[in-house]
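**Student:** Here it is: the structure, laid out below.
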């Protein structure tokens, strides 16, 4: 393996580690949101809020070539967040697609 490839892989590993830390941090906050929603009899899924979050984050993407991939990632992250909320607080009946 070339030094350049090894260096790229090392950098990807570092970035992946940062992503996992941020993912865990985000999911902890998601759980707090889910608890609040349960205490206040709110539904987990709010289409308008999800759209706002996605649009706001897509506007932060500098390389416009990556927009469709960033959008796919954000939708996946939102789906994972909703699923985790349902799992942790048992609100499956309040999930609206």
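In the working numbering, the protein residues as written are 341 to 437. Backbone N, C-alpha and C fix where the C-beta goes; we use that ideal spot for every residue, glycine too. Predicted model only: the values in this text are computed from it and were never measured.
#1: Indicate the three-state DSSP secondary structure (helix, strand or coil) for residue 380 in the structure shown.
#2: Have a look at 346, 421, 374 and 394 and flag the residue whose alpha-carbon is nearest the alpha-carbon of residue 408.
#3: Please confirm whether residue 371 and residue 397 have their CB atoms less than 8 Å apart.
#4: Over what stretch of residues does the alpha helix (DSSP H) that includes residue 415 continue unbroken?
#5: May I ask you to report which of helix, strand or coil DSSP gives residue 396?
**Tutor:** Looking at the coordinates:
#1: In the structure shown, residue 380 sits in coil (DSSP, three-state: anything other than H, G, I, E or B).
#2: Taking only the C-alpha atoms, the option nearest residue 408 is 394.
#3: No, these two residues do not count as a Cβ contact at 8 Å.
#4: That run of the alpha helix (DSSP H) goes 407-429.
#5: For residue 396, the three-state secondary structure derived from DSSP is helix.
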